[in-house]
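Working notes for the structure below.
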Amino acid sequence: MLYTVYIKIDTARCNDWETWMQEVHIPDVLDTGCFAHATLARNPDADTDTRRAYRVVYRALSDEAFDTYQKEHAPQLQKEHTERYEGAFEAWRDVLPVIDGY
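Here the sequence shown stands for residues 1 to 102, where the numbers follow the UniProt record's numbering.
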């Protein structure tokens, strides 16, 4: 299972956001034990005049692990992000079943 979070963050906050994501949020998500790894990437083609675009892709250990994450961890972790960057970001997510990995 690939869990992708698409985020656009105000350019005035993006340096703080990148640091917080790398040092706090992504490690907290991985510490749930539900994901094998995560990748933080820039998406400059989706930038606007006022916001910088990113993607975070998490690889779930299993469908069950992802369900556990959604039920037991995601609400609090998303709340922390929203409280810290409220009004300065937009986010959306998708979940893709993995057919195979190489």
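Glycine included, every Cβ here is placed at the ideal spot set by N, Cα and C. On a predicted model such as this, the values are computed, not experimentally measured, just so you know.
What residues are listed by DSSP as bridge partners for E90?
The partner list for E90 (beta bridge, DSSP) reads K8.
D63 and M1 - do their beta-carbons sit closer together than 7 Å?
Yes. Within cutoff.
Pick helix, strand or coil for V24, following the three-state DSSP scheme.
Note: V24 maps to helix in three-state DSSP.
Do the CB positions of C34 and T68 come within less than 7 Å of each other?
Yes, these two residues count as a Cβ contact at 7 Å.
I need the boundaries of the beta strand (DSSP E) containing A53, first residue and last residue.
Unbroken beta strand (DSSP E) run through A53: R51 to A60.
Y85 by DSSP, collapsed to three states: which one?
Note: Y85 maps to helix in three-state DSSP.
In whole angstroms, what is the alpha-carbon distance linking W17 and K8?
Near 11 Å, if we compare the C-alpha coordinates of K8 and W17.
Between V57 and T39, how many whole angstroms is the CB-CB distance? I'm expecting something under 8 Å.
With a Cβ gap of about 5 Å, V57 and T39 count as contacting.
Quick one: Cα of R42 to Cα of R51, how far?
Cα to Cα, R42 sits roughly 12 Å from R51.
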